[in-house]
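A.B. asks: With the first letter of the sequence shown counted as 1, position 42 gets the number 33 in the working numbering; the numbers rise by one all the way through.
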Amino acid sequence: MLAQRLLRFRPAPIVAMTATATPLVQKDIAMQLDLRKPKLHIHGFRRTNIAIEISEVALPDRPALARKLLSRESARPAIVYAPTRKDTESIAEALQSIGRVSPYHAGLSHEKRQGIQRDFQAGKLDVIVATIAFGMGIDKSDIRTVVHAALPSSVEAYYQEIGRAGRDGKFSRAILMHSYADHRTREFFIKKNYPDIKVLEGVLKKIPREGVARPDIRSSMDASTLDNALEKLWVHGAIEIDGNDEVRSLPKAWQKSYLDQQIHKEAEVSLMSNFAQNATSCRMLLFLHHFGDVSDKQEGCGICDFCLPLGSLSKSFRQPNAREQAVMVGLLKLLDLQTRSMSISKAFQNLEASLLVSDRKLFDACADTLIRQGAVTAKMESFEKDGQPIIYKSLTAVGPFLEEPNWDDYLILESQATSEVKTYAPRKSKAKSKTKTPRQGASRSKGSSQSIDEIDDPLAQKLRGWRLRTAKKEKVPAYRVFSDKTLSAL
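1. At a cut-off of 8 Å, would you count Leu279 as near the ligand COA, judging by its Cβ distance to the nearest heavy atom?
2. Could you tell me the distance, in whole angstroms, from the CA atom of Arg38 to the CA atom of Thr368?
3. Taking the alpha carbon of Asp130 as the point to measure from, which residue in Thr122, Val146, Leu142 and Gln112 has its own alpha carbon closest?
4. So, using beta-carbon positions, are Leu142 and Met263 closer together than 9 Å?
5. Between which two residues does the alpha helix (DSSP H) containing Arg164 stretch?
6. Buried or exposed: which applies to Gln253, given that a residue is buried once 16 or more other Cβ atoms fall within 10 Å of its Cβ?
7. I'd like to check one pair, Leu217 with Gly228: are the Cβ atoms closer than 9 Å?
8. Return the Cβ separation of Ser93 and Ile107 in integer angstroms, given the expectation that the two are a contact with Cβ distance under 8 Å.
9. Please look up how many angstroms separate the CB atoms of Ala140 and Ala73, rounded, as I've assumed it's under 8 Å.
10. Compare the Cα-Cα distances from Asp187 to each of Ile382, His169, Leu224 and Ser332 and report the closest residue.
11. Can you grab the Cα-Cα spacing for the pair Ser81 / Phe180, in whole Å?
12. Could you pull out every unbroken beta strand (DSSP E) segment of at least 3 residues lying fully inside the segment 369 to 405, listed in chain order?
13. Excluding the 5 residues flanking Val16 on each side, which residues of the same chain have their C-beta closer than 8 Å to its C-beta?
14. Check the DSSP bridge columns for Met333 and list the partner residues they point to.
15. Quick check on Glu47: does DSSP put it in helix, strand or coil?
16. Rounded to the nearest angstrom, what separates Arg274 and Thr360 at their Cα positions?
17. Would you identify the three-state DSSP class for Ser240, choosing helix, strand or coil?
18. Taking the alpha carbon of Asp399 as the reference point, which residue from Asn312, Leu50, Ile230 and Arg(-1) has its own alpha carbon closest?
19. Within 10 angstroms of the Cβ of Gly193, are there 16 or more other Cβ atoms? Answer buried if so, exposed if not.
20. Could you tell me the alpha carbon to alpha carbon distance between Leu450 and Ser286, rounded to whole angstroms?
21. Would you mind listing the beta strand (DSSP E) stretches within the segment 177 to 232 that are 3+ residues and don't spill past its ends, in chain order?
22. If you count every other CB in all the chains shown that lies within 10 Å of the CB of Ile443, and 16 or more means buried, which is it?
23. Secondary structure at Val146, three-state DSSP: helix, strand or coil?
24. What residues in its chain sit with their C-beta under 7 Å from that of Gln316, if we drop five residues either side in the sequence?
25. The beta strand (DSSP E) spanning Ser93 covers which residue range?
26. Suppose contacts are defined by Cβ-Cβ distances below 9 Å. Is Tyr150 in contact with Thr122 by that definition?
27. Just checking my contact of Glu528 with Ser145 at CB under 8 Å: how many whole Å lie between their CB atoms?
28. Could you check where the alpha helix (DSSP H) with Ile20 kicks off and where it finishes?
29. With C-beta atoms as the reference, is Leu24 less than 9 Å away from Leu56?
30. State the start and end residues of the unbroken beta strand (DSSP E) segment that holds His139.
31. Can you give the beta carbon distance from Thr136 to Arg58, rounded, assuming they're within the 8 Å contact cut?
32. Exposed or buried, which one is Glu519 when buried takes at least 16 other CB atoms within 10 Å?
33. Taking the C-alpha atoms as reference points, what is the distance between Ala49 and Met168?
34. Who does Arg309 pair with in a DSSP beta bridge?
35. For a minimum of 3 consecutive residues, which ranges assigned as the beta strand (DSSP E) are wholly contained in the segment 27 to 113?
36. Can you tell which of Val118, Phe125 and Gly160 has the C-alpha that lies nearest to the C-alpha of Ser132?
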């Protein structure tokens, strides 16, 4: 443990630095390093030259919107982040008409990826459509636009990725397209990467204390799923894997740490979903609050889609019609009667009962207009129900209702009346899963990759030998060097 190694340096001061740690992660770092009552210095999260826009856009409409956003020369160079290799290819194809565009993903050869990076940095490419694998080693200061064609994995990842825009200090944009489908996709991948604990327990039962060769572990899972299960068991201390690819079970409690990590990953997705849905404040202020940057002056950025709606490129606004004006007046009068804040759902129910509005999407559009105008303040709050945190938006009138507003100053989001608005909450406890444990005595499933031990080929055996030697040298399980599937493909 690093904290034990630091003891030899005491009483010298210990400084721990990180780029994008939330208050929870900051606390965990201090605990892991055994820092007693550390002084926290959290600042520098504000980016003054990036105009952030977040728009709810259906999946089929995103390539066309990306093309519209990047059609102006001033919007390039640009990075478009897409969730899958297939998406990078299809979006890049849709953007070919605007300039020099290339997809970038892990499926390309190393030489191809290196060439794309060099061309982008040299200005020979205008737009890169990439998975998150792109950008970590890129030092290009003049990126004008970063577009997310799907919901990022976390608020921290989102902040880091938009930070690749405008490093030269000039005005830049970061535009996120999302919908409820993104949240469901993220949930799917979490369930795939973090299977039900009963699945891991089923695999663990097949591993004796005296050990077994990893290829001999019999399971109904395909090879990649089994490798993932073994990795999770190894990371959380349930098994050990030596350099010879021998797997042994260990008498260690591992379930709690696994469940904690699983729930943490789910919470990251929920926080990102709620961040995207949160139209209650300046986008940059939401970042500052998320990272705990209280040293900032806490003023709006003045350029995001909340602070400057008419400056948005991904949305269109108009003045409210008579029906929408009536809903907004009704909401202002309702909030004026309250002695404390009211949840947005409760406010809708009140106006619905008075027959003023029956369309929730229309009501939400009107509420967001009042929030942007400063006539109503909004806050994301939560409470617990049946052990589950429920996140909701509360509304409060800024002042007493005196007269009908000057509607010339009010703007309503034109497309929001037909958009889907949902709120997501991370779970606290694990519900019973219907996932079945692997069948006892079953071999690999149909379609699983052939074990490299079963391939009668001198090259395959040389590769396996190299993998074992490398694993011993690096002191990691052999499959962490290369999986059987990769070696078989080679």
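Note that the Cβ used here is the ideal one computed from N, Cα and C, for glycine as well. Predicted model only: the values in this text are computed from it and were never measured.
C.D. replies: With the given structure in hand:
1. With respect to small molecules bound, the structure shown includes none, and the ligand COA cannot be examined in it.
2. Roughly 24 Å between the two C-alpha positions.
3. Taking only the C-alpha atoms, the option nearest Asp130 is Gln112.
4. Closer than 9 Å, so yes.
5. Not the alpha helix (DSSP H): Arg164 falls in the beta strand (DSSP E), residues Ser163 to His169.
6. Burial call: buried.
7. Taking 9 Å as the Cβ cut-off, Gly228 and Leu217 do not qualify as a contacting pair.
8. With a Cβ gap of about 5 Å, Ser93 and Ile107 count as contacting.
9. Between Ala73 and Ala140 the Cβ distance is about 5 Å, and since that is below 8 Å, they are a contact.
10. Per the Cα distances, Leu224.
11. Roughly 21 Å between the two C-alpha positions.
12. 379 to 388, all fully within the segment 369 to 405.
13. The residues are Thr9.
14. Beta-bridge pairing links Met333 to Leu386.
15. Three-state DSSP puts Glu47 in a strand.
16. The alpha-carbon atoms of Arg274 and Thr360 are separated by roughly 16 Å.
17. DSSP, read as helix, strand or coil, puts Ser240 in strand.
18. Of the listed residues, the one whose Cα sits closest to Asp399 is Asn312.
19. Its Cβ being crowded by 16 or more others within 10 Å, Gly193 is buried.
20. Each residue's alpha carbon lies about 60 Å from the other.
21. Counting only runs of 3 or more residues that sit fully inside the segment 177 to 232, the beta strand (DSSP E) segments are 230 to 232, in chain order.
22. Bear in mind that the predicted position of Ile443 carries a pLDDT of just 49, short of 50, making it unreliable; the figure below should be weighed with that in mind. So Ile443 ends up on the buried side.
23. In the displayed model, Val146 falls within a helix according to three-state DSSP.
24. Sequence-distant Cβ neighbours of Gln316 in its own chain, meaning closer than 7 Å and more than five residues away, are Trp398.
25. For Ser93, the enclosing beta strand (DSSP E) stretches over residues Val92 to Tyr95.
26. Taking 9 Å as the Cβ cut-off, Tyr150 and Thr122 do not qualify as a contacting pair.
27. Residue coverage of the chain in this structure runs from -8 to 481, which leaves residue 528 outside it and unanswerable.
28. Looking at the DSSP string, the run of the alpha helix (DSSP H) that includes Ile20 is Pro14 to Gln23.
29. Contact flag unset, no.
30. Note, His139: beta strand (DSSP E), Thr136 to His139.
31. Thr136 to Arg58, Cβ: 12 Å. No contact.
32. Any answer about residue 519 is impossible in this case: the structure gives the chain only from -8 up to 481.
33. Ala49 and Met168: Cα-Cα distance of roughly 8 Å.
34. Per DSSP, Ile403.
35. Correct list: 41 to 47, 69 to 72 and 92 to 95.
36. Of the residues Val118, Phe125 and Gly160, the one whose Cα lies closest to the Cα of Ser132 is Gly160.
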